[in-house]
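In what follows, a structure is listed as structure tokens, so that the remarks can point back to it.
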Amino acid sequence: MTICTAALARLCSLPGKLENAARILDLRTKKDMEGHNLMLQLCRPRMKGFHDERAFHPDGPRSHHTPEKIARLERYCDDDVRAEMEILRRLPEPNQAD
């Protein structure tokens, strides 16, 4: 069975957004907004112009996917999973359909 933490939080009258639910539940693991902004940055291609065929290539000359940023992104993702799991542990178990 798949459980959507955001949907279950909403059923419990909590916000569905991870950062807001974590804040209301006063979790030890908070949403890392700096990591969130890095994730958004790395999800977008960095381009100088539409005619440069290497503009979208991750190893291109203007790539912004540095090893340091990728390592930071991994820590952000790990923290997100920890926060979501902590939220899920605090919420009541969903009713299962027969």
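Residue 10 in this note's numbering is what sits at position 9 of the sequence shown, and the numbering runs on without skipping anything.
Note that the Cβ used here is the ideal one computed from N, Cα and C, for glycine as well.
Please list the terminal residues of the continuous alpha helix (DSSP H) segment that includes residue i.
{"i": "T6", "result": "6-12"}
{"i": "L43", "result": "34-44"}
{"i": "L19", "result": "19-25"}
Please classify residue i as buried or exposed, where buried requires at least 16 neighbouring CB atoms within 10 angstroms.
{"i": "A8", "result": "exposed"}
{"i": "L41", "result": "exposed"}
{"i": "R29", "result": "exposed"}
{"i": "A22", "result": "buried"}
Thinking residue i and residue j are a contact (beta carbons under 8 Å), I'd like their distance in whole angstroms, please.
{"i": "K18", "j": "A84", "result": "That pair is no contact at about 11 Å."}
{"i": "A10", "j": "L92", "result": "6 Å"}
Go through its chain and collect everything with a Cβ distance to residue i's Cβ below 7 Å, but skip five positions before and after it.
{"i": "K70", "result": "L39, L43"}
Return the chain-ordered list of same chain residues with a C-beta closer than 6 Å to the C-beta of residue i, the five sequence neighbours on each side being excluded.
{"i": "I88", "result": "T6, A22"}
| query | If you scan the segment 65-99 from start to end, which runs of the beta strand (DSSP E) of 3 or more residues do you find wholly inside it? | reply | none
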